[in-house]
Amino acid sequence: MKAETIAKNRRTYYNIRMAVFLSESREATMAFAAEYAKTLSAGDVVLLDGDMGAGKTVFAKGVAKGMGIFDEVTSPTYAYMNDYDGRLFHYDCYRIQSPRQAENLGLADYFELGGVCLVEWSENIAPLLPERLKRVKIRKIDENTREIEY
4 MKAETIAKNR RTYYNIRMAV FLSESREATM AFAAEYAKTL SAGDVVLLDG
54 DMGAGKTVFA KGVAKGMGIF DEVTSPTYAY MNDYDGRLFH YDCYRIQSPR
104 QAENLGLADY FELGGVCLVE WSENIAPLLP ERLKRVKIRK IDENTREIEY
């Protein structure tokens, strides 16, 4: 995100280690995520942290749009991982019972294919994650408002 954009956006502020964006709508979350996508490089792994219903999949939709991917982005809850043209891999590890299960499903293999990986519920596959990671934390403030720490 360009510095001048951040400076003009009064909804963005910084804590000691991360910046925080306050989104007041689903559309604002998607627009922010589309801009965030421009900071990502091939091979980046981004952990999407947040409670159920916080907006992790909405954020993933925005990232896909920002990457020029216009396929319908859906939560991969039952598929575990959705592949969007080999450029974006969206994981939902909520139902993963153990790192071994994830390993047997081959989920770790996708980290090495050069696409951007968005991982929801990453704590369920923590031992399989690469060392170099980015993290986005989404916190639901109320029905429309989200605090996005990145």
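Residues in the sequence shown are numbered from 4 upward in steps of one, following our numbering.
Cβ atoms here follow ideal geometry from the backbone N, Cα and C, with glycine treated the same way.
To the nearest angstrom, how far is it from the Cα of residue i to the Cα of residue j?
i	j	result
Leu172	Ala111	The requested residue 172 is not part of the displayed model; the chain covers only 4 to 153.
Glu150	Asp52	12 Å
Tyr87	Phe114	14 Å
Lys68	Asn107	31 Å
Ile99	Ala22	30 Å
Lys137	Arg103	23 Å
Gly46	Thr80	22 Å
Gly118	Glu152	23 Å
Among the options, whose alpha-carbon lies nearest the alpha-carbon of residue i?
i	options	result
Cys120	Pro133, His93, Ile72 and Thr148	His93
Glu146	Arg20, Ser28, Lys140 and Asp54	Ser28
Glu38	Leu132, Met84 and Met70	Met70
Glu30	Ala22, Met21, Thr60 and Val139	Thr60
Ile144	Ser78, Leu91 and Gly56	Gly56
Gly58	Lys41, Val76 and Val48	Val76
Compute the beta-carbon to beta-carbon distance between residue i and residue j, rounded to the nearest angstrom, for a pair I have assumed lies under 8 Å.
i	j	result
Phe62	Thr32	6 Å
Ala105	Ile128	4 Å
Cys96	Glu134	Wrong, their Cβ atoms sit about 18 Å apart, outside the cutoff.
Thr148	Leu25	7 Å
Given a threshold of 16 other Cβ atoms within 10 Å of its Cβ, counted over all protein chains shown, does residue i qualify as buried or as exposed?
i	result
Ala36	buried
Ser125	buried
Leu91	buried
Gly89	exposed
Using 7 Å as the limit for Cβ to Cβ distance, is residue i near chain C?
i	result
Glu150	Protein chains in the displayed structure number just one, and chain C is not present.
**OP:** Quick one: which unbroken beta strand (DSSP E) runs of 3-plus residues sit fully inside the region 43-83? Chain order, please.
**Re:** 48-52
**OP:** Taking only runs that begin and end inside the region 87-116, name each unbroken beta strand (DSSP E) of 3 or more residues, in chain order.
**Re:** Within the region 87-116, the complete beta strand (DSSP E) runs of at least 3 residues are 91-95.
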